[in-house]
Amino acid sequence: MAVKGGKAGYHHGDLRNALTEAAVELAAEGGPERVVLREAARRVGVSPTAAYRHFGSHCDLLGAVKERCQRQLAASMARAVEEGPELPDAGEEAVRRTVAIGRGYVRFAVENPGLYRSAFSRVVLDGAAGDHGLVFAGVLPPGDDPVFRAFRALSDTLDALVESGRMRPGNRAGAEVAAWSTVHGLSLLILDGPLARLPEEQRDAVVDRSLEAIVAGLTR
């Protein structure tokens, strides 16, 4: 939701949310480098001092932006799953969902490069080491932490592949990292690499073939 109209653009007591929305707009325009607390305050129509009452630092604001972007990424993956009809065979349905969430992941990156880069920006809060170690260790925190929502959706889908008999249990360990690394690398090649020059039809074909290869490797 766009933040417009200066101080009239947010409800009393909701300045933190208004600043976050303004910062998400900045991220959409230019990635995490564009997320600046003073600029977000200017767009909302308040002083930097007022903004700092809600966000103590640039990292605090970027952390809030990252969470919003992660939510949007997970939503893109969910929409891609919902676009196709559910298949009656559990194994085929698990395969369809695996391909769909990969497609939704790449689509979000292509359509929202600034938000995509912000979703994976490095944010360290209160001296913490960040979230990357947990992800790459294959360990997820309890609950529904938005930072891990997309990863959890992938993990659940891979579990369904095993439960349906399409993936051997021995292939399951670490499969999230292998699959995620592939779609993440593919997304970056499309955004910043040689695949950026491909016409849309050819790009989509490359995405489809890559996703098919991922599933073939998981289910071999």
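Start counting the sequence shown at 3; every next residue gets the next number (the numbering used here).
The beta-carbon is built from N, C-alpha and C at its ideal position, and this holds for glycine as well.
Computed from a prediction, not measured in an experiment: that's the story for all the values here.
- Counting the other CB atoms within 10 Å of its CB gives E165 a total below 16, which places it among the exposed residues.
- Between the alpha carbons of G86 and A121 lies a distance of about 26 Å.
- Taking 9 Å as the cut-off, the beta carbon of V67 is found closer than this to the beta carbon of T22.
- Excluding sequence positions up to five before and after L213, its CB lies within less than 7 Å of the CB of V101, G104, R105, all in the same chain and listed in chain order.
- Secondary structure note for N19: its alpha helix (DSSP H) is the uninterrupted segment 17-32.
- R99 counts as buried, since at least 16 other C-beta atoms from the protein chains shown sit within 10 angstroms of its C-beta.
- For R45, the enclosing alpha helix (DSSP H) covers residues 39-46.
- Of the other Cβ atoms in all chains shown, 16 or more fall within 10 Å of the Cβ of G116; this residue is therefore buried.
- In the three-state reduction of the DSSP assignment, A177 falls in the helix class, which pools H, G and I.
- In the three-state reduction of the DSSP assignment, V112 falls in the helix class, which pools H, G and I.
- Taking the Cα of V209 as reference, the smallest distance to any Cα among L188, A20, M79, L39 is reached at L188.
- With distances taken between CA atoms, H56 lies nearest to L17 out of D91, V46, A42, L17.
- Per DSSP, the continuous alpha helix (DSSP H) segment holding H60 begins and ends at 60-85.
- Buried is the label assigned to P34, since at least 16 other Cβ atoms lie within 10 Å of its Cβ.
- With contacts defined as CB atoms closer than 9 Å, V37 and A43 fail to qualify as a contacting pair.
- Here the alpha carbon of E41 sits roughly 19 Å from the alpha carbon of E69.
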